[in-house]
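Numbering (the numbering used here), first residue to last: 132 to 545. Glycine included, every Cβ here is placed at the ideal spot set by N, Cα and C. Since we're looking at a predicted model, the values are computed, not measured. Here is the structure we will look at.
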Amino acid sequence: MRYASLGFFCLLAVLLLTGCGQVVFTPASSAGPPVDDRFIVQPRPEDLVPSYLPLPSTDARLMRLPVPVLAFDARYRPMTAPPGLSAASSGAASSEVASSAVIVPGVAGPALIPPPEGPAFAWAETENYLILGTDRREGQTNWRTDTIMILGLDRANGRAALLSVPRDFYVNAPYYGYSRINTLDYLGERSQSEPGGGPRLVGDVIYQYLGVPTEHWMRVEMTGFRPLVDAVGGVTLHLDCPFYDTIYSPSTGEEGYFVLPAGDITLTGEEAYWFVRLRTRESDIGRAQRQRQFLWALRDQALSMNLLPRLPELWDAFHQMFSTDLSLLEIGDLARFALSLDAADVRSGGIALGELETYITDEGANVLVIKDADLLRWKVNNIWNEPAMVDAYRQDATACPPLPPDAAALLAGE
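In structure tokens, the structure reads:
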């Protein structure tokens, strides 16, 4: 029973956040509004030394795209105003637009975890786990893997790191050619006679492009996400600024906003689902930051409660969501180590638009390709210098972005 409960907590605390992919509501526009510029470009690191070589373990041919046509997609441009409040073509907002913006003050949260100490995080020497979150539903035969993360455990130094890989990362997969990385789990699983072919293919491609080996994998399907969050009593986290994004119901044809207030809030299963799912305004880059912060908040919630009385309820919601190549003993060992870590011991980051750029395929698909291989290598190898996982989605509470009037009215309960 001890291993079972520890294993269940590990599955719950490490994997729950991956509620991604197609949902009941979808963005009204496939392009959507542009994203906040804090998700895009940061200053080039001073200690970055160009090597002019492909990434570790990467064949240089993998970095040559079939059609070198580059273009910017609206989803990945800096956002200067919320949807419906765009600036004038000259770059200056009109007085009418400016007057319609609603400034909602933020709520300053706890102090950020100080910069870390210790040696660089050596992915080649850590235990690395591939975490996949799929949009597969009951009765469906195909799926996409829209959450891809690598969890690294550095037992020697008592720490861990979590790296997010964008769903639209365009890769050249062995035997399959060019495709978004979020299609490979399904392709690999379909072509193999035994389970695990999909994660192995994703892991091989990640190793080719990022130089990060993965020894084990875990896959979570979105089925049961809402009841599982409700079963643990909801999840409490802090938002420095109000959160909003657009949602659209194909069944009713209605478009609206999903909003959350600033401050300490407890999310229900429904609210948590949308918080980790929506990506119209902040793209997949911002969504990954929210997912990482939510994951840590979920861990805190699970630690604060006695899960044993709720195991039947939790298991009903969870057992059909999860698959892995780990044994029960390995899951228990992983859980024990995870429980021993403090907030300062776990750093998280993601590949973003400083290292990638938008590429338009012949079919018109918007994907992300490597823009700066040296910067990408630096980003992966310097994961230990990223924010603590608990601070993954922290913002400046004194400079919150304005809200569209309808979103502000909804937030005010009007």
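Practice prompt. State buried or exposed for ILE234, treating a residue as buried only when at least 16 other CB atoms are found within 10 Å of its CB.
Written response: ILE234 comes out exposed.
Worksheet item: Which of the three DSSP states, helix, strand or coil, is assigned to LEU370?
Response: Here LEU370 sits in strand by DSSP.
Worksheet item: In whole angstroms, what separates the C-alpha of ASP503 from that of LEU487?
Response: Taking the straight line from one Cα to the other gives about 7 Å.
Worksheet entry | Those residues which DSSP pairs with MET280 across a bridge | MET280 is bridged to ILE262 and SER295.
Practice prompt. Using beta-carbon positions only, say whether ASP335 and THR276 come within less than 9 Å of one another.
Written response: In this structure, ASP335 lies away from THR276, with their beta-carbon atoms at least 9 Å apart.
Practice prompt. Compare the beta carbon distance of ARG298 and ILE312 with 9 Å and say whether it is the shorter of the two.
Written response: It is a contact, given that the beta carbons lie within the stated cut-off.
Discussion item. Tell me the DSSP secondary structure of TRP254 in three-state form.
Written reply: The answer is helix: DSSP assigns TRP254 an H, G or I state.
Practice prompt. Indicate the three-state DSSP secondary structure (helix, strand or coil) for ALA403 in the structure shown.
Written response: DSSP places ALA403 in helix when its eight states are reduced to three.
Practice prompt. Could you give the DSSP three-state label for TRP274: helix, strand or coil?
Written response: Correct three-state label for TRP274: coil.
Worksheet item: Going along the chain, which residues of its own chain have a beta-carbon closer than 6 Å to the beta-carbon of ASP415, five neighbours each way excluded?
Response: Taken in chain order, the residues that qualify are PRO297 and ARG298.
Worksheet item: For LEU445 versus LEU398, is the C-beta spacing smaller than 9 Å?
Response: The Cβ-Cβ distance between LEU445 and LEU398 does not fall below 9 Å.
Fill in: Endpoints, the alpha helix (DSSP H) within which ILE509 is located
The sequence given here places Trp at residue 509; Ile does not occur at that position. Judged by DSSP secondary structure, TRP509 falls within the alpha helix (DSSP H) whose first and last residues are 504–512.
Fill in: Cα-Cα separation between ASN437 and GLY283, rounded to whole angstroms
Each residue's CA atom was taken as its position, placing ASN437 and GLY283 some 27 Å apart.
Worksheet item: Taking the alpha-carbon positions, what's the GLY481 to GLU385 distance?
Response: Cα to Cα, GLY481 sits roughly 33 Å from GLU385.
Worksheet item: Which runs of the alpha helix (DSSP H) spanning at least 4 residues fall entirely within the stretch 462–487, listed in chain order?
Response: You should have found no qualifying run.
Item to complete: With distances taken Cα to Cα, identify the nearest neighbour of ALA242 among ASN273, ARG525, PRO326 and GLY264.
Response: Closest in C-alpha terms to ALA242, from the list ASN273, ARG525, PRO326 and GLY264, comes ARG525.
Practice prompt. Would you mind reading off the limits of the alpha helix (DSSP H) that contains GLU320?
Written response: 315–322 is the span of the alpha helix (DSSP H), which, as asked, contains GLU320.
Worksheet entry | Nearest-angstrom Cα separation, counted from ASP476 out to ALA362 | Going by C-alpha positions, ALA362 is about 28 Å away from ASP476.
Practice prompt. To the nearest angstrom, report how far apart ASP473 and SER322 are at their CA atoms.
Written response: Taking the straight line joining both Cα atoms gives about 41 Å.
Fill in: Own chain, CB closer than 7 Å to ASP395, minus 5 neighbours either side, in chain order
Residues of the same chain with a CB within less than 7 Å of the CB of ASP395, apart from the 5 flanking positions on each side, are THR367 and HIS369 in chain order.
Fill in: DSSP state of MET349 mapped onto helix, strand, coil
MET349 falls in the strand class under three-state DSSP.
Practice prompt. Under 8 Å by Cβ, that's how I've got ARG478 and ALA519 pegged, so tell me the actual separation to the nearest angstrom.
Written response: Distance from ARG478 to ALA519 at the Cβ level is roughly 6 Å; contact confirmed, criterion being Cβ atoms closer than 8 Å.
Fill in: Cβ-based neighbour list, ASN512, same chain, cut-off 7 Å, excluding 5 preceding and 5 following
Around ASN512: ALA251.
Practice prompt. Determine, using beta carbons only, whether ILE262 and VAL343 come nearer to each other than 9 Å.
Written response: No, they are not a contact pair.
Fill in: Spatial distance of GLN420 from ALA523 (CA atoms)
Approximately 5 Å between the Cα atoms of the pair.
Practice prompt. Go through its chain and collect everything with a Cβ distance to ARG118's Cβ below 7 Å, but skip five positions before and after it.
Written response: Only positions 132 to 545 of the chain appear in this structure, which leaves residue 118 out of reach.
Worksheet item: Going by alpha carbons, who is nearest to GLY544 out of GLU256, PHE356 and VAL390?
Response: Closest by C-alpha distance to GLY544, out of GLU256, PHE356 and VAL390, is VAL390.
Practice prompt. Keeping to the same chain, check which residues put their C-beta closer than 7 Å to that of PRO392; ignore five residues upstream and five downstream.
Written response: When the five nearest sequence neighbours on each side are left out, the beta carbons in the same chain lying within less than 7 Å of the beta carbon of PRO392 are those of PRO373 and LEU542, in order along the chain.
Practice prompt. Express the C-alpha separation of ASN259 and ALA469 in angstroms, rounding to a whole number.
Written response: If I take the Cα positions, the gap works out to 13 Å.
Discussion item. Within 10 Å of its beta-carbon, does TYR183 have 16 or more other beta-carbons around it, so buried, or fewer, so exposed?
Written reply: Any answer about TYR183 is weak, because its pLDDT of 40 lies below 50 and its placement is not dependable; what the coordinates show is given next. Counting the other CB atoms within 10 Å of its CB gives TYR183 a total below 16, which places it among the exposed residues.
Worksheet item: So is the beta-carbon of TYR379 under 8 Å away from any non-hydrogen atom of the ligand GTP?
Response: As far as ligands go, the structure on display features none, and thus does not contain the ligand GTP.
Fill in: Extent of the continuous beta strand (DSSP E) run through ASP310
For clarity, residue 310 is Ser in the given sequence; the question names Asp instead. It spans 308–311 - the beta strand (DSSP E) in which SER310 sits, taken as one unbroken run.
Practice prompt. Just the C-alpha distance for GLU248 and ALA530, rounded to the nearest angstrom, thanks.
Written response: Their backbone Cα atoms lie some 29 Å apart in a straight line.
Discussion item. Output needed for TRP427: all residues of its chain with C-beta closer than 6 Å, excluding positions within five of it in sequence on either side, in chain order.
Written reply: Residues of the same chain with a CB within less than 6 Å of the CB of TRP427, apart from the 5 flanking positions on each side, are MET520 and VAL521 in chain order.
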